[in-house]
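The next block holds one structure in the form of structure tokens; read it before the comments.
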Amino acid sequence: MRTNLSLYILLTALLFAACKKEDDNVFKKSPDERLNEVLSTYSTALTSAPYGWKALVYPSGFPTLPFSFYFKFDTANRVRMYSDWDTSTLTNARESSYRLKALQQPCLLFDTYSYIHILCDPDASVNGGYYGSGLLSDFEFILDGMSSNGDTIKLTGRQHASKAVLVKATSKEAQDYYDRKRNWDFNYSSRFLTYFKKLHTGKGDYDIYINHSFKRVRIVNANVKFSAGFYLTPTGVAFDKPFTDAGETIYGFDDVIWSENNQLMSLKVNGRAATINSDKKPYIVDSTAGSRWYNTALNAATYFIAPNGIHVDGQDDYYNLASVPGFTYLFYYPNFGQSGYDFNGLMEKSYYGPAYKAKFSTAGITTFTYGGTFYTIPDYSTTAISNIVTKFTESAGYYFVQTSDNNTYDMVNVKDARSWISWQLY
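Quick note on my numbering: the sequence shown kicks off at 644 and runs consecutively.
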């Protein structure tokens, strides 16, 4: 018994000695030293990329919404960038300061206002997001890891956990940015006078919905429902995931050309000629979109807003609602105050407008019946309210189209699909 006990004590002592020796080997550098080494590795990678970095940023508030960037980091903690936010950010380089810093984890911080901050701006009028938080994106990122060959770096936002990925650019890709080569014609799809667009690839015919605010494209027919983010390329657009149908895989569109006179967009799909034209009715009508729109606000006891008013015949805010003193947005509030009527009106320093009852048909058409007004209509708004009532009560009614996963819908008139309202949940 004594022999066994002695043997046990000896083995235990040897085990602890072995662990101590191993621990001494693992931890011969302090945590700060090891973290600084990691930061140094990232710094070398960022600044030594000869042609800079391409990047995609996905705000956490809109996780399927990709924004494309180009970054060129230097050793003086300055970064030059382009972004596909709009034509200005695509054609004018913006310089910002950046830092690599240990904040419990290795982090990349963009610490002066730049294009990447547009996504975070708390003023929703800047980015179309939420007031107070923008698109729930970030400008301080945790460095989550680098590929073994150093060509890819993954990032996670520190505040909102938005995702981003950096990929080393090639010489040609960098030069395309410097030469301002980005095809903007795909964004001209908003200039179709008729709402519904149809894609003809030569192998299939599809409804295609292009949401420029949320950078989403949906491609739909009886056999397939596809949704992806898109970003601009020198010749067209790329999808952030491939579309597969009719025996082929499509990664985006090339050689995109918009003809306003012909109301036609020509392009190439895998090198083959294709087109997008407009029509007054889709191939596939979403028969429950109207009721989903309505019930989303009803169940949340809130309302939808349309800051851009009513689009008619190619013109946003056709009825010039923005000229109404103090106008903020058009809104639609289901069953306002448990009255049994929906409140559709103008928000300014006060609110007022027509009352309706909405009806949803099995064919996917929503109609509105006028039922008077809520509150007193100011004299300066009588014409605007009259126009709104006339438009809403068109006898043919409206199709609804869900335009993103973030409770945004377009309401399109059935008569000729040349009028629509873009709603977002408040």
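In this text, a Cβ means the ideal position worked out from N, Cα and C, and glycines have one as well.
Subject >> Touching by the beta-carbon criterion (3+ pairs, under 8 Å), the region 1022-1033 and the region 937-950 >> reply: In short, these stretches do not touch, since the Cβ pair count stays below three.
**OP:** From the DSSP output, in three-state form, read off V722 for me.
**Re:** Strand at V722.
**OP:** Would you check if there are 3 or more beta carbon pairs closer than 8 Å linking the region 835-848 to the region 922-934?
**Re:** yes
**OP:** Spatial neighbours of H954 within its chain, please: CB distance less than 6 Å, with the 5 preceding and 5 following residues excluded, ordered by chain position.
**Re:** W1063
**OP:** Please go through the same chain and pick out, in chain order, the residues whose beta-carbon is closer than 7 Å to the beta-carbon of T799, but skip the five residues on each side of it.
**Re:** Sequence-distant partners of T799 (beyond 5 residues in either direction) whose C-beta falls short of 7 Å from its own C-beta, in its chain, are F784, I785, D787 and K806.
Original post:
If we count Cβ pairs, one from each stretch, closer than 8 Å, do we get three or more for the region 737-746 versus the region 842-855?
Top reply: no
Original post:
Under the three-state reduction of DSSP, which class applies to D960: helix, strand or coil?
Top reply: coil
**OP:** Report back the beta-carbon spacing between F712 and S726 to the nearest angstrom; my notes put them in contact at under 8 Å.
**Re:** 5 Å
**OP:** Give the straight-line distance between the Cα atoms of K811 and A692, rounded to the nearest whole angstrom.
**Re:** 7 Å
Original post:
Since Y995 and G988 are thought to touch, with beta carbons under 8 Å apart, how far apart are those beta carbons, to the nearest angstrom?
Top reply: 5 Å
Original post:
For the region 674-686 against the region 743-752, are there 3 or more C-beta pairs whose distance is under 8 Å?
Top reply: Yes, the region 674-686 is in contact with the region 743-752.
**OP:** Could you pull out every residue in the same chain whose Cβ sits closer than 6 Å to the Cβ of S780, ignoring the five residues on either side in sequence?
**Re:** P702, L762, C763 and S805
**OP:** On the DSSP bridge assignment, give the partners of D592 in chain order.
**Re:** One cannot answer for residue 592 here, as it falls past the ends of the chain, which runs 644 to 1069.
Original post:
Exposed or buried, what is N668 when buried is set at 16 or more other beta-carbons lying within 10 Å of its beta-carbon?
Top reply: At N668, the pLDDT of 49 sits below 50, so the modelled position is not reliable; the number obtained from the coordinates is stated separately. So N668 ends up on the exposed side.
Original post:
So what does DSSP say about S935, is it helix, strand or coil?
Top reply: Residue identity check: residue 935 is Arg in the sequence provided, not Ser. In the structure shown, R935 sits in a helix (DSSP, three-state: H, G or I).
Subject >> G914 and V899 closer than 8 Å at C-beta >> reply: no
**OP:** Return the Cβ separation of R859 and S1047 in integer angstroms, given the expectation that the two are a contact with Cβ distance under 8 Å.
**Re:** 6 Å
Original post:
DSSP three-state call for A804: helix, strand or coil?
Top reply: coil
Subject >> Simplified DSSP assignment, three categories, for K1034 >> reply: helix
Original post:
Can you tell me the Cα-Cα spacing of A917 and A943, whole angstroms?
Top reply: Rounded to whole angstroms, A917 to A943 spans 42 Å at the Cα level.
Subject >> Candidates D675, S776, Y874 and S966, of which the one nearest D828 by Cα >> reply: Y874
Original post:
Got a sec? Which residues, its chain only, sit under 6 Å from H803 by beta carbon, not counting five neighbours each side?
Top reply: S703, L779 and D781
**OP:** Can you tell me which of the three DSSP states A698 falls into?
**Re:** strand
Original post:
Under the rule that 16 or more other beta-carbon atoms within 10 Å means buried, what is Q1076, buried or exposed?
Top reply: Because the chain here runs from 644 to 1069, residue 1076 falls outside it and cannot be looked at.
**OP:** Between the Cα of P877 and those of D819, S1038, W936 and E1037, spot the shortest distance and give me the residue it belongs to.
**Re:** D819
**OP:** Identify the continuous alpha helix (DSSP H) that holds Q818 and give its terminal residues.
**Re:** S814 to Y821
Subject >> In DSSP terms, what I853 is bridged to >> reply: V860
**OP:** Compare the C-alpha of P968 against each of Y961, D960 and M990 and name the closest.
**Re:** M990
Original post:
To which residues of the same chain is F1003 closer than 6 Å at the C-beta, ignoring the five residues directly before and after it?
Top reply: G933, S934 and T1009
Original post:
Can you tell me whether P709 is buried or exposed, with buried defined as 16 or more other CB within 10 angstroms of its CB?
Top reply: Classification for P709: buried.
Subject >> Close Cβ partners of S790 (< 6 Å) along its chain, the five nearest in sequence each way excluded >> reply: Excluding sequence neighbours, S790 sits near nothing in its chain.
Original post:
Looking only at its own chain, which residues have a Cβ that is under 6 Å from the Cβ of A1039, when we skip the five neighbours before and after it?
Top reply: Cβ within range, chain order: V1057 and K1058.
Original post:
Are the Cβ atoms of V863 and D850 separated by less than 8 Å?
Top reply: yes
Original post:
What did DSSP end up calling N679 once you bin it into helix, strand or coil?
Top reply: helix
Original post:
Does DSSP put V967 in a helix, a strand or coil?
Top reply: coil
**OP:** Please report the residue range of the beta strand (DSSP E) in which T1012 lies.
**Re:** Counting along the chain, the beta strand (DSSP E) containing T1012 begins and ends at T1009 to F1017.
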